[in-house]
Structure formats: structure tokens, C-alpha cells
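One structure is given below, encoded as C-alpha cells.
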Amino acid sequence: MSAFGAWTTAHGLPAFSYTMDQERDPRAEWDPILDPPTRRHAVHLGNRRITLVADNYGRSGLFDEHTALRWLTRETGVTRVGELSTDISGSERIFGPTFVIVRVADDRVSLERTVLCPEGEAPWVLIRLRVRNLLGEPARLTLTEEWAARPAQVNLVSGAEPGEDPGLELELLGGADPCRTGTGRLAVPLLLAAHDERVVELRYGLLDDTAPSFEGSLAALRDRLPRASAPRAPEAEREIPWHAALLTGGACADGVLGGHTLDQGSCYSFRHGFNGAARDPLQHALPLVHIEPDLALSVLRNTCAWGSPDGDLPYALGPDKQPWTDLFRPSDQNLWALWLAAEYLSATGEEAAFREPVPYHPLHRAAPVPLGEHLRRQFRFFTDVVGRGEHGHVRMLNADWNDMAITESGVDRELMIAQGESVLNSAMAAWVLPRYAVLAERLGDPVTGREARELGEELRGLVAGEWNGRWFRRAHGPGAVVGDSDMWLEVQPWAILCGAAPPGRAVELLRRIEATAAAGSPLGARLRWPVRDRYGPGGVGTIWYAINMTLVWAAARHVPELGWQWWRRMSLTAHANAYPDVWEGTLSGPDAYLAPETHRPGRTWDLADLGIAMQAYPVANLHSHSQPLLAYLRLLGVEPFSTRPPTGDGARFASRALTVGP
1007 MSAFGAWTTA HGLPAFSYTM DQERDPRAEW DPILDPPTRR HAVHLGNRRI TLVADNYGRS
1067 GLFDEHTALR WLTRETGVTR VGELSTDISG SERIFGPTFV IVRVADDRVS LERTVLCPEG
1127 EAPWVLIRLR VRNLLGEPAR LTLTEEWAAR PAQVNLVSGA EPGEDPGLEL ELLGGADPCR
1187 TGTGRLAVPL LLAAHDERVV ELRYGLLDDT APSFEGSLAA LRDRLPRASA PRAPEAEREI
1247 PWHAALLTGG ACADGVLGGH TLDQGSCYSF RHGFNGAARD PLQHALPLVH IEPDLALSVL
1307 RNTCAWGSPD GDLPYALGPD KQPWTDLFRP SDQNLWALWL AAEYLSATGE EAAFREPVPY
1367 HPLHRAAPVP LGEHLRRQFR FFTDVVGRGE HGHVRMLNAD WNDMAITESG VDRELMIAQG
1427 ESVLNSAMAA WVLPRYAVLA ERLGDPVTGR EARELGEELR GLVAGEWNGR WFRRAHGPGA
1487 VVGDSDMWLE VQPWAILCGA APPGRAVELL RRIEATAAAG SPLGARLRWP VRDRYGPGGV
1547 GTIWYAINMT LVWAAARHVP ELGWQWWRRM SLTAHANAYP DVWEGTLSGP DAYLAPETHR
1607 PGRTWDLADL GIAMQAYPVA NLHSHSQPLL AYLRLLGVEP FSTRPPTGDG ARFASRALTV
1667 GP
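Numbering-wise, the sequence shown is residues 1007 to 1668 according to my numbering.
Below, the structure is given as C-alpha cells:
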């Protein structure tokens, strides 16, 4: 059980009751590595435009990346009635999927404060205050709502610094005399009869003319979130809708490139100021194809718009939404766009979406082209520019999925960048390209479809040849083979998924992973085996959501009981059971955890010498929500252009778009 509280329900939805007294309990303090120790614990909630950052002090932040990565305000928002206020440590705090509730009381009055992100793209939050007179006589009270404008622009790597006032307003809703102010403070006089109650509603943020509806938003939220039931994983009933809410709550309508961005968040956006890598929003959108397909398509369009007319996708966007290519030039990013597109077409059948124009980044001054043409150019870039190396495998450039693969390979950096080949990319391409081929053919391009299919098949054969008797090798460098003496986990499930491992070998490999990389680890399989003393983001002691997702998926095909076990290790429940005193992993998490044998088990990585650390902002990474969702779908047999039927093992997943199960 978590030291911070327990799961409950609120408004008919999963919620978490935070009960820790952070001022007195020594377990509350944690070290962000790059910043001073703190007792603040936060969770990110949102709609398709704004992010509400609710914390254990009853305060809120508002984050918006409509035109840039910026904090509209931070650590503010309090309601007062006399001496009673909502920012005291002893308050009752409940975190819901898109709302936070704080309850306080004294001898005279009780106060319930709910801050809600309304459904849709409203760039503001609703505030509902419920005040009750506890006395047996009338009471004259003044209810005061106070927010401070604390804007900040997030700079690249170095972090946030004070920014310009974005124009935040506080508005009193309803009644005969509605009021709006830019001061952030409104006082409401109340005259309450004995034991009487009054509800006051306000909204705060970048106000527009949208008509707010508190109950309407909650009803729409209950209708929107998926439902799940799995006898092998009972926590899915609670965690699947929770993950879906926090994943979609990370979206933001993009005022520069169009569509919606769905970046990683966590330290990358909120502390270090970039949206990257380009593969990440594409990965995050994959489960949304089956939950909210319009949002998945919007993310695909947006991420394609990052690129250039030659089909290249930059590693990331900086805080001003300009391409950032100084750090990495990965070789895998086009594959993720092709995958998401194929998944979308397979699930929806909507070919027309691929004929609609999508722009390129304004930097390139290029005319928009249909989405299908974006994808064709990305395929050409992957084939012709990324290309293949001496052994026929896809070139690595200076990174593939693993940003630290070059550093960890043991091969001279410049030689590896120039000549290195990624077996991981070959295995992933061997799965993705035949599915992209279906899309190309459906769009009337049989030549591209045939080329993609043939290349995928050739790469599958090359990956099959990388079996060393224990696992698949990871990469080739000039005069060197990477991953022959140690197992790199990321390539193994892709080798199984693409068909490079026949069924017997796949079962053998999956069971070897359970006995080695996953052994003794309550959160999943480690990235490398055997374990050595390197614990950075590319090191051996890290457990990655993105890789454990593909591992669950591979197991779902060959050893389903192992897949369910591994999915449960990805759960929030598993983290709370193993590390009850660690906040990250309770409601949200980073992109990776440190393994049990490391110096900070259950927490996450840092490169403090470089001024970068996931531990500096170890929650609200969307991998911690998207990957459990996608892995759950794969356990149910939901795959693009797949002829495999659902598993029929009693597991269910239901949304407006999909119903799977007996």
C-alpha cells in the first residue's frame, strides 16, 4: 500500500485520496538532484489544451504549449473563509482524472474546493466551491478565491525563468452580478442559514466565451474514458481509465503547426524545455487510435508537420517550437510515423484522412501536401537517406531508439555514427514496413507498397541471422559486433514480432528474459543483461516503459501468461507495492525506473554532470500512461492489419470505438 494514500472513487471515476501529512512525515521529502530537496508531490491533469498541475499543498499550476512551452502560473490558487484555507497540510486531498478536490473544515464551516479541467480545448479551469455552515445559527461569511499570476518561459535545458503576463483572468459565474478580474482575487459575501450550504462557481485562465459546464464535463468524461476488466490483472479496471485520462490530458492544441501535440512531458518539457523526440508523440498516440482516433490522427498530422519536404523529422522542437537538431539525429523516427498511420487506417478504414493536406514546418516555407504524401516522403527518407550499411542493416546515425546506444556500444563514436548499423531498426522496420505497404497500396501507390514489403522481408531475414544461440545481437560497428556478450533488451521483442524468431525460439527467448533481465525486478525487465554498474538513461540498470511494452506484446503472441505477469509489473499498483515511499510511480511516472540493485531503486535516472535529470521532474511522462494502454490492447490481440482474433481469455476493453472480449 502507498504511504501517500489510497485509491478511491470520486464522481463515479477512479481517484486517489492523498492522506500523508507532508510537513511531519519524513517520507515526504525527496531529492530532484538538480534542485533543492522538496516535499511537494504533483500530478498532471488536463484536457486537449491546458494542463492542471495539482499538488499535495492544495495548490495548482497551469501549463500551456499552444504557442510555446510556458507556465501560465505555478503553485498558486487558494480559497479562504475566515481563518480557514485550502492550502493547509491537514486538508483532505483527492486527485481525480481531470480534477482535484480539497476539503477543509473547522468548528464553524466546511469548505470543499474542486478545480476541474473542462472537456474540450478550454484554456482555463473551472472552480467549484461548496461552503456549509456547521452552526445552528445563521452565519455571515466572506469567501475569497485567490490566484497569483506567476508566468514562466521554459528555456532549453536550463529551465524556467519569469515570463510575460499571459493575461490570466478570474471570473465569478452565475448569479445576478457576474464579475471578471485580472487581479486574480475575488471576494464573495455569503449569508448562510443554520446548516445551510452554498455552491459558488468560478473559472480561471485564458478566458474565452465558451459556456462552462461542470456537471456536463464530468458526464462527458465518464462517457469518454475506456473501461477494462481482466481477471488476470484486476488493477486494469482502475488503471486503464486513469491512464487514458492522463494520456489525453497531456495533449495540447498547437497554435503554430496545427493539430495536437502529445509530447513526453516530465523533465523534458517542464524542466528542460523541449518536445522530443519526434517518435514520442507518435508512440503516445498509438493506443488513442482505439480510444480517441480523432486525437491520434491530429497528433500524426502535427508530428508530420515538424518535418521538412525531404521527409526528415527533427529530433525535437525547442521551447519556441523551432526544430532542435543539435543533440541527436536518430535513424528510427520515420518508422513511428509509418506505424501510427498504419494503425490508424487499420482501425478506422478512413482513407480520406490521408488525402487531406498537412503543412511542413514554417521554417521550410514549403507548400502543404496530403498526409499520404508526407508518409511516402518519410519512407523515401528512411530508405534513401538513412539507408543501410555494410551488413545490410539499417544505419544507426548517431542514435536509434536508444539515444545512448553510440556511447554504450564501446565503438569509436565517429566511426559508429558513420558506419554503425542498428539491428533494432532493422527488426522494427521488418514489422512496420509490410503494414505501411498496405496503406500505400490502399492509397493507390502499389510501387511504394511493393518496395516497402520487399524491404521488410529482406530485413526480417537479416535479423534472423543475428541469433547468437542465446539472444539477438544489437548492432554492428566497424570491426565490432554489439550485443554478442550481453543482451540488449530493446531488440529482442522486435525480433520476435517481425517473425525473425520462429515460435519455439521466441518462447525460449522470452523465458530467458524472465530468468535474466526481468529476474527479481518488480517493475519489469532491465534494458541490459548481465547487470553492470552503469545506471544512466542508456545503462544496464534501467527499466523502460517503451521496451517493456513491446516485451508484453511479444509474450502475448507466444507465452500469454508471461505477458500478463509483465503487464502487471508495469502497473502503478506494482510500483506502490514495491516502493510505497516513492511518489513517482504512485499516480504517474518517468519514462524509466532504476532497477532494484541500483543506488535509487524505484526512482529514475539522472545525468547530473550534464545538467539533465529525469529525477528532476519524475512524473507526467506520457510513456508511463501510453505504454500500459497499448500493451493491454496487444494482450487482447488488437493489432494493425492483424488476422489474429481477440484472446478470448475473459479480458475486456471497451470504448466508443472498440469492444473486445467474449
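Even for Gly, the Cβ is constructed at its ideal location relative to N, Cα and C.
Buried or exposed by the 16-neighbour rule on C-beta atoms within 10 Å, applied to residue 1662: As a first step, residue 1662 is located in the sequence shown; it is residue number 656 there, counting from the start. With a pLDDT of 44 at residue 1662, under the threshold of 50, the modelled position of this residue cannot be trusted; read the value that follows with caution. Burial call: exposed.
Presumed contact (8 Å Cβ cut-off) between residue 1082 and residue 1154, rounded CB distance: Translated into the one-based positions of the sequence shown, residue 1082 becomes position 76. Translated into the one-based positions of the sequence shown, residue 1154 becomes position 148. With a Cβ gap of about 4 Å, residue 1082 and residue 1154 count as contacting.
Residue 1557 beta carbon less than 8 Å from that of residue 1531: The count along the sequence shown starts at 1 and reaches residue 1531 at position 525. The count along the sequence shown starts at 1 and reaches residue 1557 at position 551. Yes.
Residue 1654 versus residue 1562: straight-line alpha-carbon distance, rounded: Position 648 of the sequence shown holds residue 1654. Position 556 of the sequence shown holds residue 1562. Model confidence at residue 1654 stands at a pLDDT of 49, short of 50, so the residue's coordinates are unreliable; what they give is reported in the following sentence. Taking the straight line joining both Cα atoms gives about 12 Å.
8 Å contact criterion, which residue 1624 and residue 1590 should meet: CB distance rounded: For the purposes of this step, residue 1624 is taken as the residue at position 618 of the sequence shown. For the purposes of this step, residue 1590 is taken as the residue at position 584 of the sequence shown. Contact flag correct, Cβ pair sits at about 4 Å.
As assigned by DSSP and simplified to three states, the class of residue 1493: If you number the sequence shown from 1, residue 1493 lands on position 487. Strand.
Integer-rounded CB distance, given that residue 1273 should sit under 8 Å from residue 1622: The count along the sequence shown starts at 1 and reaches residue 1622 at position 616. The count along the sequence shown starts at 1 and reaches residue 1273 at position 267. Residue 1622 to residue 1273, Cβ: 5 Å. Contact.
Given residue 1120 as reference, the closest of 1126, 1127, 1100 once Cα atoms are compared: The sequence position of residue 1120 within the sequence shown is 114, counting from 1. Among 1126, 1127, 1100, the Cα nearest to that of residue 1120 is on 1100.
Exposure label - residue 1456; buried when at least 16 CB within 10 Å: Stepping through the sequence shown from its first residue, residue 1456 is reached at position 450. By the neighbour-count rule (16 or more Cβ atoms within 10 Å), residue 1456 is not buried but exposed.
Contacting residues, own chain, Cβ-Cβ under 7 Å from residue 1141 (five flanking each side not counted): Your numbering for residue 1141 matches position 135 in the sequence shown. Only 1114, 1200 meet the Cβ criterion.
Where residue 1599 falls: helix, strand or coil (DSSP): The sequence position of residue 1599 within the sequence shown is 593, counting from 1. Correct three-state label for residue 1599: strand.
Backbone secondary structure at residue 1448 - three-state DSSP: Numbered from 1 along the sequence shown, position 442 holds the residue referred to as residue 1448. Looking at residue 1448 - three-state DSSP - the assignment turns out to be helix.
Residue(s) in a DSSP beta bridge with residue 1165: Looking up residue 1165 in the sequence shown gives position 159. According to DSSP, which records beta bridges pairwise, residue 1165 is partnered with 1161.
Helix, strand or coil at residue 1248 according to DSSP, with G and I counted as helix: Within the sequence shown, residue 1248 is the residue found at index 242, counting from 1. In this structure, residue 1248 counts as helix in the three-state DSSP scheme.
Pairwise C-alpha distance: residue 1354 and residue 1665: Residue 1665 sits at position 659 when you count from the first residue of the sequence shown. Residue 1354 sits at position 348 when you count from the first residue of the sequence shown. Caution is warranted here: a pLDDT of 36 is assigned to residue 1665, below 50, making its placement in the model unreliable, and no coordinate value can be reported.
Residue closest to residue 961, alpha-carbon to alpha-carbon, out of 1105, 1641, 1067: Nothing can be reported for residue 961, as the shown portion of the chain is limited to 1007 through 1668.
Whether residue 1646 touches residue 1420 by CB criterion (8 Å): Locating residue 1646 in the sequence shown gives position 640, where the first residue counts as 1. Locating residue 1420 in the sequence shown gives position 414, where the first residue counts as 1. The answer is no: Cβ separation not under 8 Å.
Boundaries of the alpha helix (DSSP H) in which residue 1342 is found, first to last residue: Here the question's residue 1342 lines up with position 336 in the sequence shown. Residue 1342 -> alpha helix (DSSP H) spans 1339-1354.
Candidates 1483, 1495, 1377, of which the one nearest residue 1359 by Cα: Position 353 of the sequence shown holds residue 1359. Checked all of 1483, 1495, 1377; the closest Cα to residue 1359 is 1377.
Given residue 1187 as reference, the closest of 1368, 1151, 1195, 1166 once Cα atoms are compared: For the purposes of this step, residue 1187 is identified with residue 181 of the sequence shown, where counting begins at 1. Minimum Cα distance to residue 1187 is reached at 1151.
Cβ pair count under 8 Å reaching 3, the region 1044-1052 against the region 1174-1183: no
Residues bridged to residue 1736 (per DSSP): Residue coverage of the chain in this structure runs from 1007 to 1668, which leaves residue 1736 outside it and unanswerable.
Terminal residues of the alpha helix (DSSP H) in which residue 1593 lies: As a working note, residue 1593 is residue 587 in the sequence shown. Note, residue 1593: premise wrong, no alpha helix (DSSP H); not H, not E.
Check whether residue 1596 and residue 1630 have beta carbons under 8 Å apart: If you number the sequence shown from 1, residue 1596 lands on position 590. If you number the sequence shown from 1, residue 1630 lands on position 624. Taking 8 Å as the Cβ cut-off, residue 1596 and residue 1630 qualify as a contacting pair.
Segment contact, 8 Å Cβ cut-off, at least three pairs: the region 1280-1288 with the region 1257-1272: yes
Cβ distance (whole Å) where residue 1107 is taken to contact residue 1118 below 8 Å: As a working note, residue 1107 is residue 101 in the sequence shown. As a working note, residue 1118 is residue 112 in the sequence shown. Their Cβ separation, rounded to whole angstroms, is 7 Å, which keeps residue 1107 and residue 1118 in contact under 8 Å.
Closest Cα partner of residue 1425 within the set 1407, 1411, 1433, 1403: Your numbering for residue 1425 matches position 419 in the sequence shown. Here the closest residue by C-alpha is 1403.
Counted within 10 angstroms of its Cβ, other Cβ atoms place residue 1527 as buried (16 or more) or exposed: By one-based count along the sequence shown, residue 1527 stands at place 521. When all chains shown are included, residue 1527 counts as buried.
Alpha-carbon to alpha-carbon, residue 1585 and residue 1520: The sequence position of residue 1520 within the sequence shown is 514, counting from 1. The sequence position of residue 1585 within the sequence shown is 579, counting from 1. If you take the alpha carbons of residue 1520 and residue 1585, they lie about 21 Å apart.
Beta-carbon spacing of residue 1344, residue 1438 below 8 Å: Taking the sequence shown and counting its residues from 1, one reaches residue 1344 at position 338. Taking the sequence shown and counting its residues from 1, one reaches residue 1438 at position 432. Against a cut-off of 8 Å, the Cβ pair of residue 1438 and residue 1344 comes out as a contact.
Three-state class that DSSP yields for residue 1527 in the structure shown: Working through the sequence shown from its first residue, we reach residue 1527 at position 521. Coil.
Minimum C-alpha distance to residue 1166 - residue among 1643, 1014, 1076: On the sequence shown, position 160 is the one that residue 1166 refers to. Measuring from the Cα of residue 1166, the nearest candidate turns out to be 1076.
Under the three-state DSSP convention, the category residue 1138 falls into: For this step, residue 1138 is matched to residue 132 along the sequence shown. Residue 1138 falls in the strand class under three-state DSSP.
Sequence-distant residues of the same chain with beta carbon closer than 7 Å to residue 1504, five excluded per side: On the sequence shown, position 498 is the one that residue 1504 refers to. Taken in chain order, the residues that qualify are 1433, 1436, 1437, 1466, 1469.
C-beta contact flag for residue 1481 and residue 1411 at 8 Å: Along the sequence shown, read from residue 1 onward, the residue named residue 1481 stands at position 475. Along the sequence shown, read from residue 1 onward, the residue named residue 1411 stands at position 405. Yes; because the gap between Cβ atoms is below 8 Å, this pair is in contact.
Under the three-state DSSP convention, the category residue 1311 falls into: The residue labelled residue 1311 in the question sits at position 305 within the sequence shown. Three-state DSSP puts residue 1311 in coil, outside helix and strand.
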